[in-house]
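Under our numbering, the sequence shown has 27 at position 27, and the numbering climbs by one with no breaks. Note that beta-carbon positions come from the ideal geometry of N, C-alpha and C, so glycine has one too. Note that this is a predicted model, so its numbers are computed, not measured. These notes are about the structure you will find just below.
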Amino acid sequence: MFKTLYARIAIYSITVILFSALISFVLTNVYYHYNLKASNDAKIMKTLKEARQYEQSAKPTHIQQYFKHLGQMNYQIMT
């Protein structure tokens, strides 16, 4: 199939690199979902509840104050 040693080494190296990347991605994803996702979701929900509570209780007149408060809670808003 591959006549030169260079072609064999190149194809096998690329294959091993791609296979390793795929396996490491799958293992990392499984680890995240079984060990980290619950705590990360809880932290996000806590932050969002605090933001809602601040919005309802303080009724910020300036939107900049509200965004500053969200920033102080280490919450980033993507628009």
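query, result
"Reduced DSSP secondary structure (H/G/I, E/B, other) of Lys46", "helix"
"Endpoints, the alpha helix (DSSP H) within which Asn29 is located", "5-31"
"Assumed close pair Ala42, Leu70 - CB separation to whole angstroms, cut-off 8 Å", "Their Cβ separation, rounded to whole angstroms, is 18 Å, which puts Ala42 and Leu70 out of contact at 8 Å."
"Where Lys68 sits in the DSSP three-state scheme", "helix"
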